[in-house]
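Taking it in order: structure first as structure tokens, then the write-up.
Residue numbers (the numbering used here): -16 to 233.
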């Protein structure tokens, strides 16, 4: 029987392909699926007029797929439980492939308000080139519980204020600050800027004082509260002095 080049097939013999990672040996009909370098050869089956033919091996490669592994951003409230850390895989990822991804962060339940990095790592699957993208865990300030100190945590209008020509503080400071409060802030109604000092006034009249609880590093500043105070008019007595005119003489 004459030979035949596997590039042609005049006898219409059955054609099959074999693959190997070595050019000279180890050929099987298992089609490669993983990234790497391979060789393929073509075999044409013997027919009644032609012998079996085997082609020269041809080298080829399966490139690694490109993926992105991103740590998902998370957030929570100071003092509350932490969210579970997760990640997202993008790009030419084949579902079910093991990547050995881990995500970690130094944030804890009692961590101060702020931002903390979330790092992502993997075990390097040979079929992928991965870009790792870290995330951020944001701990937001908690709301301040203004009622936690009860009535002791509230300023009070000073009683018995009477005009005396001097500046007089309109309120008494709280005996105790609520949990999470760093300091009290005050202003007269209608003003725009806040002060750490209790407002004072000289003139008799009615006043509205605004106050708020300034949160510490882990708590938000409270809403604005209002309280009325007054300075009474001073009571005075105006007495006309008696006068005696000299008696006229004639």
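Beta carbons are placed, not taken as given, at the ideal position from N, Cα and C, and that holds for glycine.
Using 10 angstroms around the beta-carbon of residue i, count the other beta-carbons present and answer buried if the total reaches 16, otherwise exposed.
i	result
residue 108	buried
residue 182	buried
residue 61	buried
residue -14	With a pLDDT of only 46 at residue -14, under the threshold of 50, the placement of this residue in the model should not be trusted; the figure read from the coordinates follows. Burial call: exposed.
residue 131	exposed
Distance, Cα to Cα, residue i vs residue j?
i	j	result
residue 65	residue 93	10 Å
residue 202	residue 110	48 Å
residue 194	residue 209	6 Å
residue 237	residue 184	Nothing can be reported for residue 237, as the shown portion of the chain is limited to -16 through 233.
residue 105	residue 86	9 Å
residue 26	residue 5	17 Å
residue 10	residue 3	5 Å
residue 50	residue 136	56 Å
residue 200	residue 206	17 Å
residue 46	residue 114	16 Å
residue 74	residue 165	48 Å
residue 211	residue 188	11 Å
residue 79	residue 116	21 Å
Between the options, which has its C-alpha nearest residue i's C-alpha?
i	options	result
residue 68	75, 152, 100	100
residue 178	24, -4, 169, 32	169
residue 7	21, 149, -3, 47	21
residue 161	150, 133, 144	133
residue 175	192, 83, 187	192
residue 124	58, 34, 52, 44	58
residue 70	55, 186, 166	55
residue 15	-2, -7, 156, 42	42
Report the partner residues of residue i according to the DSSP bridge assignment.
i	result
residue 88	101
residue 36	27
residue 1	24
residue 14	For residue 14, which the question treats as bridged, DSSP gives no partner whatsoever.
What are the uninterrupted segments assigned as beta strand (DSSP E) that are 3 or more residues long and contained completely in the region 157 to 215, given in chain order? DSSP runs (the beta strand (DSSP E)) wholly in the region 157 to 215: 164 to 171, 188 to 198, 208 to 214.
3-residue-minimum beta strand (DSSP E) runs that sit fully inside the region 93 to 155, ordered along the chain: Counting only runs of 3 or more, we get 97 to 104, 111 to 116, 118 to 123.
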